[in-house]
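Residue numbers (this note's numbering), protein chains in the order written: chain D, 20 to 307; chain W, 38 to 641.
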């Protein structure tokens with residue numbers, strides 16, 4: 020009886036949380052836009068530039084390297100990255116500057132540059148990647164929406180799924196800005212994966228609520244679906260944790276990061292946003 | 038047995054995939070990818086050779102090799118293809134780049150093996166046809182300079198513009214740059230036989246004919262001068278070399294007919310070049326435009342050479358005479374000369390040839406066109422992206438992937454065990470998840486009908502017999518039994534995005550199995566209904582699973598259609614993985630649960 024009461028009295032109040040987070044996300048993106056002129060921080064893959072990663076077993080003097088490189092090259096940005104094989108010193112610059120020159124300069128400082136990776140993308144290719152990425156995200160979302168409508172063939176429940184998925188993606192993109200995660204090709208892959216993962220639990224919930232014929236009350240159906248869904252999301256988060264902790268490669272770390280944020284939002288959007296809309300719909304239809 | 042046909046299908050496809058991935062015995066050694074010009078081993082060792090020992094120490098990986106060779110000076114003993122070599126290494130190092138030997142049929146990407154990835158853009162607007170020429174030219178150059186591990190492919194940008202992607206495994210950027218900027222010296226030489234009778238013959242250059250006399254021990258008198266074997270001389274404006282004297286009655290000369298600047302144009306348009314299907318082969322042809330001087334030299338060299346019937350084609354060619362094509366003094370190809378061209382000064386000769394398949398004919402055509410253009414590109418290219426990935430990522434990376442996978446399995450099993458308190462539910466999830474990974478890799482592996490053909494047959498037999506025995510067969514079973522072996526014919530490169538795709542699929546797979554387990558275990562206390570509802574419950578579970586699978590596939594399709602290379606592998610892997618999951622592995626898991634539940638009911 021306690022759970023019943025909880026759902027009856029507080030459920031609309033609960034909606035305050037996703038709405039607040041949504042507004043916060045809008046604020047984050049708006050702030051970002053005002054400050055930088057762009058909605059999303061993009062990695063060099065999406066805008067062009069050069070990244071040099073020098074892998075060393077011991078920690079390097081980041082500030083020293085940065086100030087020395089600044090004397091000769093501009094723009095320069097140096098940061099540190101931990102990886103399973105030691106330390107990675109990441110140097111970012113524009114694609115006009117030759118990576119060889121920077122590596123030579125660092126070698127002159129007495130640092131072994133033998134184990135280093137270089138990635139350089141011209142601005143035009145970067146722009147092309149970015150427009151493709153935007154198109155891929157929009158198309159993926161539209162296609163997902165169509166499939167959801169085909170599956171359920173009822174307007175409100177389908178829209179509830181789409182709204183929750185949209186909220187997931189939107190909040191994830193906003194919080195990526197907050198945590199300083201740049202959108203790269205790997206991040207794009209993660210966002211598209213997230214569409215799949217977030218719709219997963221929404222479909223579970225909607226099927227259980229609409230299709231289950233056994234004699235259960237709405238609350239029983241919801242709590243049963245929630246048990247299954249939370250197990251699903253928890254195993255996903257559990258499987259991602261070691262990937263994140265081991266820091267295998269920047270690509271995998273970024274995917275794990277984005278998915279973790281997305282899955283956390285998914286818990287909220289499925290079990291608050293989607294549930295409240297669906298409950299309202301079911302009650303209106305006279306289901307108990 | 039047949040009653041559990043879903044499990045049987047799973048076993049068949051997992052075994053086939055293991056075969057397809059095909060773990061090979063652990064060879065020791067590394068493969069030579071490139072030898073620098075200043076390497077002491079240049080000229081003695083070649084690309085593709087296997088180095089198994091350095092200074093008596095066995096080498097197992099490129100990483101080990103780099104560890105020993107970096108900053109090495111002094112004498113170095115190498116065991117290469119089981120033969121010992123000794124080199125003296127100075128400051129510039131041994132100058133050999135190596136790759137790990139492939140131990141599976143899986144094709145690992147650059148981000149695993151290390152190497153250079155460069156994306157180039159044609160400076161002018163390039164048509165698909167021009168792009169084909171560019172790729173052919175680059176591939177020919179790479180082959181000529183012994184870089185077999187370097188691959189070129191075209192990628193399409195969003196606006197329909199084309200890019201050229203270069204992937205060179207185990208090779209640094211300088212080598213790729215050299216290759217891209219390389220343009221060779223082309224020369225075509227024609228062999229000219231002179232037949233002797235009583236040690237005398239005629240050197241026929243069309244308008245002028247010279248008497249030839251052979252004195253034995255390799256000395257030949259032509260007109261008023263003598264030459265020995267391998268001597269060069271000029272006669273009537275043509276450079277000749279005496280290359281061979283066979284059985285004391287045939288003298289073979291090599292006459293230089295065209296140099297690079299004699300080839301004024303190599304036609305690549307549809308009107309002057311193409312491929313025609315023949316009876317048992319495909320014929321390729323293309324025209325070239327040569328200078329008047331070159332045409333005249335050709336006429337002189339080929340004068341007086343007798344025609345000979347080729348029994349295979351029924352056409353006449355010049356007897357004992359061929360045209361040899363050289364790039365940077367390396368022989369790269371040779372062709373027969375149609376007898377109708379002998380002694381004629383055509384400025385627009387046509388080059389033809391035939392190969393067994395359309396692909397090989399096209400490849401040969403592109404190669405010859407490239408050589409005739411001195412390896413020059415039809416349009417110039419500019420570099421828009423460079424990626425250099427250090428090779429040591431390799432084995433360390435694989436180890437940590439394995440650790441991460443192991444930990445993920447432990448965590449997932451743990452969560453599921455806590456949820457259901459039953460090993461019988463969580464163990465099969467791990468095994469089915471593992472099978473999913475094996476099948477995805479098996480499909481991605483480089484293999485063909487030899488493995489997947491029999492699998493298709495076996496699958497159809499199994500499902501067919503189960504159907505004959507009147508077991509319940511859903512239409513998706515047929516689709517899975519046929520579609521998955523067909524997907525097996527696909528091959529793609531395993532790189533980081535693909536690994537990510539596998540992780541994504543696994544996550545979705547585990548989620549689906551949780552749905553199955555939950556759906557079937559729910560309401561179990563309702564004893565009377567157990568067996569009656571298990572099937573229905575599994576059906577309901579599959580409604581959810583198919584639903585989420587279709588949304589994932591829908592989200593991935595745009596990535597397949599657009600996207601430059603990198604993300605496509607991710608999309609393919611996820612789509613294939615989801616298909617394998619819903620059609621093969623998850624039904625098998627449902628069967629395990631179903632069997633187990635009905636057993637439990639019987640024992641109650």
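A virtual CB, placed ideally from N, CA and C, is assigned to each residue, including glycine.
Is residue i close to chain D? Criterion is C-beta to C-beta, closer than 8 angstroms.
i, result
"residue 99 of chain W", "no"
"residue 593 of chain W", "yes"
"residue 607 of chain W", "yes"
"residue 564 of chain W", "With a pLDDT of only 46 at residue 564 of chain W, under 50, the local geometry of the prediction cannot be trusted, and the value read off the model is given with reservation. No - not a single Cβ of chain D is within 8 angstroms of the one on residue 564 of chain W."
"residue 630 of chain W", "no"
"residue 537 of chain W", "yes"
"residue 559 of chain W", "yes"
"residue 193 of chain W", "no"
"residue 456 of chain W", "yes"
"residue 677 of chain W", "Any question about residue 677 of chain W goes unanswered here, given that chain W covers just 38 to 641."
Return the CA-CA distance between residue i and residue j, expressed in angstroms with no decimal places.
i, j, result
"residue 46 of chain W", "residue 75 of chain D", "48 angstroms"
"residue 96 of chain D", "residue 88 of chain D", "9 angstroms"
"residue 50 of chain W", "residue 476 of chain W", "7 angstroms"
"residue 183 of chain D", "residue 272 of chain D", "25 angstroms"
"residue 56 of chain W", "residue 173 of chain W", "34 angstroms"
"residue 185 of chain D", "residue 86 of chain W", "55 angstroms"
"residue 151 of chain D", "residue 594 of chain W", "13 angstroms"
"residue 635 of chain W", "residue 39 of chain W", "17 angstroms"
"residue 566 of chain W", "residue 202 of chain D", "Confidence in residue 566 of chain W is poor, its pLDDT being 48 and thus under 50, which makes the residue's placement too unreliable to answer from."
"residue 436 of chain W", "residue 155 of chain D", "33 angstroms"
"residue 623 of chain W", "residue 93 of chain D", "54 angstroms"
"residue 345 of chain W", "residue 378 of chain W", "13 angstroms"
"residue 293 of chain W", "residue 522 of chain W", "55 angstroms"
"residue 606 of chain W", "residue 537 of chain W", "10 angstroms"
"residue 626 of chain W", "residue 584 of chain W", "18 angstroms"
"residue 497 of chain W", "residue 117 of chain D", "58 angstroms"
"residue 103 of chain W", "residue 132 of chain D", "14 angstroms"
So residue i contacts chain W; which residues on that side make the cut at Cβ distance below 9 angstroms?
i, result
"residue 138 of chain D", "154, 422, 423, 424, 425, 426"
What span of residues does the alpha helix (DSSP H) with residue i cover, start to end?
i, result
"residue 215 of chain W", "210–218"
"residue 472 of chain W", "460–481"
"residue 49 of chain W", "42–58"
"residue 169 of chain W", "165–181"
"residue 216 of chain D", "204–230"
Chain W partners of residue i, CB-CB under 7 angstroms?
i, result
"residue 251 of chain D", "548, 551"
"residue 179 of chain D", "Going along chain W, no residue has its Cβ under 7 angstroms from residue 179 of chain D, so there is no contact; the nearest lies around 14 angstroms."
"residue 229 of chain D", "Neighbours of residue 229 of chain D on chain W: none; closest Cβ ~11 angstroms, over 7 angstroms."
"residue 167 of chain D", "588"
At a CB-CB cut-off below 7 angstroms, which residues of chain D make contact with residue i?
i, result
"residue 107 of chain W", "133"
"residue 541 of chain W", "212"
Hey, does residue i have any beta-carbon neighbour from chain W nearer than 8 angstroms?
i, result
"residue 240 of chain D", "no"
"residue 107 of chain D", "no"
"residue 144 of chain D", "yes"
"residue 212 of chain D", "yes"
"residue 261 of chain D", "yes"
"residue 219 of chain D", "yes"
"residue 88 of chain D", "no"
"residue 277 of chain D", "no"
"residue 294 of chain D", "no"
"residue 237 of chain D", "no"
"residue 270 of chain D", "yes"
"residue 99 of chain D", "no"
"residue 305 of chain D", "no"
Just the chain B side, please: which residues come within less than 7 angstroms of residue i by C-beta, in chain order?
i, result
"residue 162 of chain D", "Going by chain labels, chain B is absent from the structure shown, which instead holds the protein chains D and W."
Hey, quick one: how far does the beta strand (DSSP E) through residue i stretch, first residue to last?
i, result
"residue 70 of chain W", "67–72"
"residue 276 of chain W", "275–283"
"residue 296 of chain W", "287–296"
Using a C-beta to C-beta distance shorter than 8 angstroms, which residues of chain D count as neighbours of residue i?
i, result
"residue 647 of chain W", "Since the first and last residues shown for chain W are 38 and 641, residue 647 of chain W lies out of range."
"residue 585 of chain W", "215, 218, 219, 222, 223"
Quiz item: On the three-pair Cβ rule with 8 angstroms, is the stretch 243–261 of chain D touching the stretch 197–212 of chain D?
Solution: no
Quiz item: Below 8 angstroms, can you find three or more Cβ-Cβ pairs linking the stretch 136–143 of chain W to the stretch 117–126 of chain W?
Solution: Result no; under three Cβ-Cβ pairs closer than 8 angstroms.
Quiz item: When the Cβ atoms of the stretch 292–306 of chain D are set against those of the stretch 174–183 of chain D, are three or more pairs found closer than 8 angstroms?
Solution: yes
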